[in-house]
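First comes the structure, then the notes that go with it.
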Amino acid sequence: MGDDRTLDMIAIAAGRVTVSDRRTRSHWSVDLAPYQLAAVPVTQALYARVTGRRPSAARGDRLPVESVSWRDAVRFCNSLSRQQGLPPVYRLDGDGVECDATGGYRLPTEAEWEYACRAGTTGPRYGPLDEIAWYRGNADGQPHPVADRQPNA
Numbered sequence: 002m003g004d005d006r007t008l009d010m011i012a013i014a015a016g017r018v019t020v021s022d023r024r025t026r027s028h029w030s031v032d033l034a035p036y037q038l039a040a041v042p043v044t045q046a047l048y049a050r051v052t053g054r055r056p057s058a059a060r061g062d063r064l065p066v067e068s069v070s071w072r073d074a075v076r077f078c079n080s081l082s083r084q085q086g087l088p089p090v091y092r093l094d095g096d097g098v099e100c101d102a103t104g105g106y107r108l109p110t111e112a113e114w115e116y117a118c119r120a121g122t123t124g125p126r127y128g129p130l131d132e133i134a135w136y137r138g139n140a141d142g143q144p145h146p147v148a149d150r151q152p153n154a
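Whatever position you read off the sequence shown (first residue = 1), add 1 for our numbering.
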């Protein structure tokens, strides 16, 4: 993992993922072009460096940032893009947000997120849950530093 000034990006190959909506009990396939995804969630240290803010309830430089809205996340992406000399992806206009997916940093789509998380596996997870994730059953109600669990492929 990089330091608090950078995001380590992982190249994800093109592929196809099946996503579902449990509410409507429907599913569909999505074809994905190659893209890049951060290796770990954005840390509080990086968020603070980029935005000058520390909104998280639990404090720690290596903890994932939390307590941010979707619009705050979009603003973070635009600020990080500008700081690295890349064009911003989002244009915020009043209550609306437009996205030009070329250029700088952006949030992954649901399909991109699921495809990357599955990492070529066919089951619901790539290893024993306690070894790959923090969740209600093992986190003791606390956030934990990023990159402290076994990563997927």
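Glycine included, each C-beta is placed from N, C-alpha and C at the ideal position.
Everything numeric in this text was worked out from a predicted model, so none of it was measured.
If you reduce the DSSP assignment to three classes, tell me which class residue i lands in.
| i | result |
| --- | --- |
| Gln37 | strand |
| Tyr127 | coil |
| Tyr48 | helix |
| Trp135 | coil |
| Ala117 | helix |
| Arg54 | coil |
| Ser80 | helix |
| Ala12 | strand |
| Val43 | coil |
Let me know if residue i comes out buried or exposed under the rule of 16 or more other beta-carbons within 10 Å of its beta-carbon.
| i | result |
| --- | --- |
| Val66 | buried |
| Thr123 | exposed |
| Pro129 | exposed |
| Tyr48 | buried |
| Leu8 | buried |
| Cys78 | buried |
If you measure between the beta carbons of residue i and residue j, is that distance less than 8 Å?
| i | j | result |
| --- | --- | --- |
| Val51 | Val75 | no |
| Pro149 | Asn139 | Here the sequence assigns Asp to residue 149, which means Pro is not the residue at that position. In this structure, Asn139 does not lie closer than 8 Å to Asp149 by Cβ. |
| Val147 | Val41 | yes |
| Ala39 | Met10 | yes |
| Gly105 | Leu87 | yes |
| Tyr127 | Asn153 | yes |
| Arg119 | Val18 | yes |
| Ser82 | Val90 | yes |
| Gln157 | Ala14 | This structure gives no information on residue 157, because the portion of the chain shown stretches from 2 to 154. |
| Leu64 | Gln85 | no |
| Pro144 | Ala59 | yes |
| Trp29 | Val20 | yes |
List the whole-angstrom C-beta distance separating residue i from residue j, where the pair is believed to meet the contact cut-off of C-beta under 8 Å.
| i | j | result |
| --- | --- | --- |
| Ala134 | Val31 | Rounded, the Cβ-Cβ distance is 23 Å, inconsistent with contact. |
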